[in-house]
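Protein chains in written order, with our numbering: chain A, 121 to 312; chain B, 121 to 312. Cβ coordinates follow ideal geometry from the N, Cα and C atoms, glycine included. Fair warning: this is a prediction, and the values are worked out from it, not measured in the lab. Structure first, commentary second.
Number of protein chains: 2
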Amino acid sequence: MAEKTRRRGAELEDAILRAAADELAEAGYPGLTMERVAQRAGTNKNAIYRRWPNRAALGVAAYRHVAEDRLTPPDTGNLRDDALALLRAINCGQSSPAARILRGLLTGVGDEPELRQQLHDQAAEGGPKPWLTILDRAVARGQARPGARTPRVATVALVLLRNEFLTRGLTTVDDAVLVEIVDEVYLPLVGA
Amino acid sequence: MAEKTRRRGAELEDAILRAAADELAEAGYPGLTMERVAQRAGTNKNAIYRRWPNRAALGVAAYRHVAEDRLTPPDTGNLRDDALALLRAINCGQSSPAARILRGLLTGVGDEPELRQQLHDQAAEGGPKPWLTILDRAVARGQARPGARTPRVATVALVLLRNEFLTRGLTTVDDAVLVEIVDEVYLPLVGA
DNA sequence: CGATTTAGGGTACGGTTCGTACCGTACCCT
DNA sequence: AGGGTACGGTACGAACCGTACCCTAAATCG
């Protein structure tokens with residue numbers, strides 16, 4: 121009968137999250153179906169609903185699994201190149217399916233502030249940490265003013281890029297836009 | 121029987137759009153249901169699907185119907201107050217229930233690039249024009265550098281506020297956030 | 001003024017998906 | 001060995017989308 125042993129606990133949970141992440145990558149959040157996730161994970165909806173209360177929660181949890189690859193902040197010795205490298209990594213990089221997924225999640229989470237908070241915190245494209253890192257180095261080199269080291273200021277370029285994704289509905293933005301964001305906004309904003 | 125004459129054409133279309141806009145304002149895009157719109161408009165889904173191919177198209181059309189009021193840029197004689205006034209007008213949405221609807225649509229219209237394009241073109245909280253207007257006046261007063269008069273730079277505050285709406289899922293942002301956006305980002309960016 | 005065309009009203013239906021409930025069974029622990 | 005827990009399978013109700021069908025009011029035209 122080729123019966124494998126019945127999975128339990130963490131092993132099964134991991135399989136579910138992996139299946140959900142695959143579905144997200146293939147069909148995006150609108151295509152994330154509980155039944156298909158269950159089938160792909162070789163289990164049933166029961167095991168899913170015992171862990172997450174609804175589809176949105178599963179989606180957010182699975183997104184965690186996908187977007188695990190943190191951006192490692194570049195260190196070119198030049199703030200402009202660092203910022204461009206970060207934007208390009210988000211834009212072209214492997215996280216471009218992640219952008220689509222994130223967009224779908226933002227639409228689907230609805231009125232659940234807790235899930236939105238999770239998305240916003242850890243979320244999206246590495247969060248504020250890499251930006252604060254490159255800013256710290258720039259301040260040390262005298263290329264940025266110390267007052268710029270706040271999350272709001274540091275992530276302005278990220279927010280502008282995200283805005284391009286959201287309003288234009290694209291998964292990739294023209295490189296000239298990245299240059300424009302850096303040269304017209306980011307450097308004048310944080311520069312000394 | 122108090123039978124009113126059967127509505128047709130533009131009259132019925134107007135009633136449907138009005139009902140859809142009301143539903144959008146109350147429950148947001150996820151709560152926009154064809155059957156409820158039909159019931160609220162005193163008709164049935166038939167009349168709706170004869171005019172719009174699907175739910176998303178109806179949502180965008182309903183937004184169009186109520187989004188006429190443009191923001192008139194304030195003129196306080198002070199760039200900081202002008203910018204705050206614009207942000208507050210968008211935030212409170214008192215100028216238009218349309219703003220709230222737009223937020224719901226932006227978060228709710230998922231993977232339909234055509235509709236997203238329509239929203240982005242015609243809409244978006246007044247667009248860059250009022251921001252360019254207050255910047256022009258500020259430049260004339262010596263409160264802003266001339267190079268800041270580009271759409272990308274001028275609308276940074278708007279984009280940051282929109283980002284708050286989208287990532288936090290709120291319909292209203294705390295006023296302190298507006299002040300932070302203006303003082304930490306906008307003024308340092310455009311100031312001379 | 002009567003006949004024809006058009007468009008709205010009412011309703012039912014298929015398909016899909018969410019989320020829940022029930023029941024039998026394999027696994028873990030003591 | 002025995003019990004509690006968690007998994008597998010399945011069926012079900014509810015909501016919603018989009019479509020189909022028939023009937024009727026209204027506009028249009030001969």
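Under the 8 Å Cβ criterion, the region 133-140 of chain B does not count as touching the region 299-312 of chain A, having fewer than three qualifying pairs. With the criterion set as a beta carbon lying under 7 Å from some beta carbon of chain B, the members of the region 249-280 of chain A are T270, R272, V273, V276, V279, L280, in sequence order. Chain B places a beta carbon closer than 8 Å to that of L226/A, counting this residue as a contact.
If you draw a straight line from the Cα of R261/B to the Cα of R160/B, it is about 52 Å long. Distance from the CA of P193/A to the CA of C212/A, rounded to the nearest whole angstrom, comes to 16 Å.
Ranked by Cα distance from R282/A, the first of V186/A, R257/A, H240/A is H240/A. The beta carbon of V180/A is closer than 8 Å to those of L225, V229, L235, Q238, L239 in its chain, skipping five residues each way along the sequence. About 7 Å separates the CB atoms of V310/B and R265/B; that is less than 8 Å, so the two are in contact. Residue-level contact by beta carbon holds for R288/B and chain A, with a gap shorter than 8 Å. Per DSSP, E304/B lies in no alpha helix (DSSP H) and is assigned neither H nor E. In this structure, L252/A lies away from A277/A, with their beta-carbon atoms at least 8 Å apart. At a Cβ-Cβ threshold of 8 Å, L199/B and A258/B count as neighbours. Under the three-state reduction of DSSP output, N211/A falls in the helix class. DSSP places L199/B within a helical segment (H, G or I) once states are collapsed to three.
L309/B belongs to the set of residues whose beta carbon lies under 8 Å from a beta carbon in chain A.
Judged by their CB atoms, L132/B and A158/B are not nearer to each other than the 8 Å cut-off. Spatial neighbours of E155/A in its own chain (CB-CB distance under 7 Å, excluding positions within 5 residues in sequence) are listed in chain order as K165. Its chain contains L298 as the residues whose beta carbon lies nearer than 7 Å to that of R208/B, once the 5 sequence neighbours on both sides are disregarded; these appear in chain order.
V305/B reaches chain A at R272, V273, V276, L309, counting residues in chain order whose Cβ is nearer than 8 Å. Cβ-Cβ distances below 6 Å link G148/B to G224 in the same chain, with the five nearest sequence neighbours on each side left out; the list follows chain order. Each of L206/A, D294/A, A141/A, L286/A was checked against the Cα of V186/A, and the nearest Cα belongs to A141/A. Within chain B, no C-beta atom comes nearer than 9 Å to that of N211/A; the closest sits roughly 16 Å away.
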